[in-house]
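Chains as they are written, first to last, in my numbering: chain F, 1 to 198; chain A, 1 to 198.
Using N, Cα and C, we set each Cβ at its ideal position, and we do this for glycine too.
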DNA sequence: TCCGATTATAAACAAATGTTTTTATTATTA
DNA sequence: TAATAATAAAAACATTTGTTTATAATCGGA
């Protein structure tokens, strides 16, 4: 990312801070006043520079449409309550609220994420405890060793996935549990993160 | 929270969605157009209602200053790199970037949070694996059974805390590790959440 | 010393935007 | 049936706001 001049950085920092504090963008004149600048044109030029350099976004002629380009997106992920086979599992209405999740490095299609509260101790050796929240990316294929969410007997379950001899093995990560062998598995998605609150 | 009428909810949902998609608030006329309403006054009344009922915030006479009242705050938490005893541990400069964290239910003083990348397997029985990120709330006291971050030999370590017979026991959650007994412990904070990325 | 980058100003215009006032329809409820 | 809540409109007004144009001071490096 192209370097900012000292003054550009000052102005960028102000915009960012305002955005965080108020929840919306300062206007050109707000910036002018705060930075002790005499003319709106000066500010306007800075804004164009910051946009050109990739630090800001704005929509032309729209008031207060500035926003810092954020490289770590924040997703508001619906927590799915009960999962039932036939029904529209991912209907927006049938959720238990939301969790906020921001990944490291990668990006997701916002609508392809959902979350699940884990019940039971079948994955404790993988560090997924009862009550943990897993963030899941919807997909219908998986590779060996990936932790997935699958639909078993009308219930969503978290297991490690293996394809063997044309069949599937869903492996709990807990010696007290037995693996599930099946010819057919309906994969809801891959676990991309897990969160625990103390 | 006071109930919304059907139409109020439609309008609130539109504002929320716009906010998420564009990063800034729609104007009164944006809403008017999108909702198929003939007059800005109608929209204006709805906005006032939504503010009165506590669903929206706005600043008087400021364009595009609407924002949904968000009850789950999002914290941008600095990831502390190396921790050294005497030095200003929490200096902003010395960090490994940020993680975004939003708690369930409770609120924190934003400046009292920091994050740590866990190294080693000493807490695996508590579901904290090598590479996990723990979110820590700064504090200098703890109660028995709480998972804390303490300073041992100039290094930050995550352990379960116990005070016994006027001494302290820092308990690893892994049978291969021995507890640390000490007369004096410098507590950096309590673990309030842990996050793992796959 | 000249040049370019950085920082800055004044003045005006056009458009977008929030706000007020006054009035009306419809459906529900007492 | 009368009262009330929910929904809606028109028209104007006052500000706020983005944008353009033309001009200038300062400073470091070639």
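Item                                                                                                                    : Value
Residue 171 (chain A) burial status per 10 Å Cβ neighbour count (16 or more: buried)                                    : buried
Residues near residue 281 (chain A) by beta carbon distance below 7 Å, same chain, minus five either side               : Given that chain A is displayed from residue 1 to residue 198, the structure contains no residue 281 (chain A) and the question cannot be resolved.
Burial state of residue 41 (chain A) (16 or more Cβ within 10 Å)                                                        : exposed
Beta carbon of residue 74 (chain A) nearer than 9 Å to that of residue 55 (chain A)                                     : no
9 Å Cβ cutoff met for residue 192 (chain A) and residue 158 (chain A)                                                   : no
Test item: CB-CB of residue 114 (chain A) and residue 136 (chain A) under 9 Å                                           : yes
Residue of F:43, F:44, F:72 and F:24 minimising C-alpha distance to residue 62 (chain A)                                : F:24
DSSP three-state assignment for residue 135 (chain F), whether helix, strand or coil                                    : strand
Which of helix, strand or coil DSSP assigns to residue 152 (chain F)                                                    : strand
Limits of the beta strand (DSSP E) - the one that residue 191 (chain F) falls within                                    : 186-197
Residue 120 (chain A) at chain F interface by Cβ criterion, 9 Å                                                         : no
CB contact flag (residue 116 (chain A), residue 156 (chain A), <9 Å)                                                    : yes
Buried versus exposed call for residue 97 (chain A) [16 or more other C-beta atoms within 10 Å across all chains shown] : exposed
Selection of the region 185-198 of chain F by Cβ proximity to chain A, strictly under 9 Å                               : 190, 191, 192, 193, 194, 195, 196, 197 and 198
Chain A contact residues for residue 47 (chain F), given Cβ-Cβ distances below 9 Å                                      : The contacting residues do not exist; residue 47 (chain F) stays about 14 Å from chain A at best.
Given residue 19 (chain F) as reference, the closest of A:197, A:67 and A:176 once Cα atoms are compared                : A:67
First and last residue of the uninterrupted beta strand (DSSP E) at residue 171 (chain F)                               : 167-171
Whole-Å CB distance - residue 14 (chain F) paired with residue 28 (chain F), under 8 Å assumed                          : Residue 14 (chain F) to residue 28 (chain F), Cβ: 12 Å. No contact.
Check whether residue 198 (chain F) and residue 147 (chain A) have beta carbons under 9 Å apart                         : yes
Contact set for residue 122 (chain F): own chain, Cβ-Cβ below 6 Å, skip 5 residues either direction                     : 172, 174 and 177
Proximal residues to residue 16 (chain A) (C-beta, below 6 Å), its chain only, five neighbours per side dropped         : 68
Neighbour flag for residue 172 (chain A) against chain F, beta carbons, 9 Å                                             : no
Beta-carbon proximity check, residue 149 (chain A) vs residue 133 (chain A), cutoff 9 Å                                 : no
Nearest candidate by alpha-carbon position, reference residue 2 (chain A), set A:49, A:33, A:99 and A:22                : A:49
CB contact below 9 Å: residue 104 (chain F) versus chain A                                                              : yes
Helix, strand or coil at residue 124 (chain F) [DSSP, three-state]                                                      : helix
Opening and closing residue of the alpha helix (DSSP H) in which residue 9 (chain A) lies                               : 6-22
Distance between residue 167 (chain A) and residue 184 (chain A) (C-alpha atoms, nearest Å)                             : 7 Å
Local conformation of residue 160 (chain F) per DSSP, three classes                                                     : strand
Inter-residue spacing [alpha-carbon to alpha-carbon] between residue 102 (chain A) and residue 59 (chain F)             : 29 Å
Separation of residue 138 (chain A) from residue 100 (chain A), as counted between CA atoms                             : 17 Å
Cross-chain neighbours of residue 5 (chain A) in chain F, by beta carbon under 9 Å                                      : Result: empty, since nearest Cβ-Cβ is about 18 Å, beyond 9 Å.
Same chain, Cβ closer than 8 Å to residue 93 (chain A), five either side skipped, listed in chain order                 : Note that residue 93 (chain A) scores a pLDDT of 43, beneath 50, so its modelled location is shaky and nothing firm can be said.
Cβ neighbours of residue 72 (chain A) in the same chain (closer than 6 Å, five flanking residues each side left out)    : 102
Integer-rounded CB distance, given that residue 127 (chain F) should sit under 8 Å from residue 196 (chain A)           : 7 Å
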